[in-house]
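*Asks:* Okay, here's the structure, questions in a sec.
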Amino acid sequence: MPTFYPPQKIKISQNQKSIFLAGSIDMGNAIDWQQEVITHYKENENFCFLNPRRKDWDSSWEQTIENIHFNKQVTWELDALEQADLIVFYFAPTSKAPISLLELGLFARNKNVIVCCPTGYWRKGNVDIVCQRFEVRQVESLEELIKEIKINFENH
Numbered sequence: 116m117p118t119f120y121p122p123q124k125i126k127i128s129q130n131q132k133s134i135f136l137a138g139s140i141d142m143g144n145a146i147d148w149q150q151e152v153i154t155h156y157k158e159n160e161n162f163c164f165l166n167p168r169r170k171d172w173d174s175s176w177e178q179t180i181e182n183i184h185f186n187k188q189v190t191w192e193l194d195a196l197e198q199a200d201l202i203v204f205y206f207a208p209t210s211k212a213p214i215s216l217l218e219l220g221l222f223a224r225n226k227n228v229i230v231c232c233p234t235g236y237w238r239k240g241n242v243d244i245v246c247q248r249f250e251v252r253q254v255e256s257l258e259e260l261i262k263e264i265k266i267n268f269e270n271h
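Encoded structure:
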């Protein structure tokens, strides 16, 4: 099962459903929940994952439009979000994930989205209200999120 990371070119085959793994990274300080999802589906050739957790991220990169590395990262993420058949969000209670909040705001209305925002996340109320407003599916745990990915594609 292919997994694409920035800045790789994304090549999705026609028989695959693409899943963008949005959510807590916090400059590498959050748990690697993305890998947990990918590992669970490693035998499933029907999925491909778009994982923004860059393997060679350098926290010294200046986060400006002029910084080519940073610009490519953000552009890759926006392109991947737009291409994805499904966007899953995981908001870890131990993280802030401000960019993921931005991405939820950008895509909650127009995309196939599933959100996991456990109790303890600092902006859980905001996430819950956005999900309610735009009828976004929510689950309570990472384990439920992993199960919901498969259910999503069985029902579509």
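Heads up: the sequence shown runs through residues 116 to 271, numbered per my numbering.
Backbone N, C-alpha and C fix where the C-beta goes; we use that ideal spot for every residue, glycine too.
Quick check on Ile146 - is its C-beta less than 8 Å from some C-beta in chain D?
*Replies:* Chain labels in this structure do not include chain D; a single protein chain is all it has.
*Asks:* Are there 16 or more other CB atoms within 10 angstroms of the CB of Ile140, so buried, or fewer, so exposed?
*Replies:* Here the question's residue 140 lines up with position 25 in the sequence shown. With 16 or more other Cβ atoms within 10 Å, it is buried.
*Asks:* Just to confirm the assignment: which complete beta strand (DSSP E) runs, minimum length 3, are found wholly within the segment 137 to 178?
*Replies:* Fully enclosed beta strand (DSSP E) runs of 3 or longer: 162 to 165.
*Asks:* What did DSSP end up calling Lys132 once you bin it into helix, strand or coil?
*Replies:* Here the question's residue 132 lines up with position 17 in the sequence shown. It is a strand residue.
*Asks:* Sort Glu192, Asn227, Asp200 by Cα distance to Leu217 and report the nearest one.
*Replies:* In the sequence shown, the residue the question calls residue 217 occupies position 102. Nearest C-alpha to Leu217: Glu192.
*Asks:* Tell me, which residues are paired with Glu254 by DSSP?
*Replies:* Your numbering for residue 254 matches position 139 in the sequence shown. Contrary to the premise, residue 254 reads as Val rather than Glu in this sequence. For Val254, which the question treats as bridged, DSSP gives the partners Cys231.
*Asks:* For Glu158 and Val152, I'd like the C-alpha separation in whole angstroms.
*Replies:* Translated into the one-based positions of the sequence shown, residue 158 becomes position 43. Translated into the one-based positions of the sequence shown, residue 152 becomes position 37. The alpha-carbon atoms of Glu158 and Val152 are separated by roughly 12 Å.
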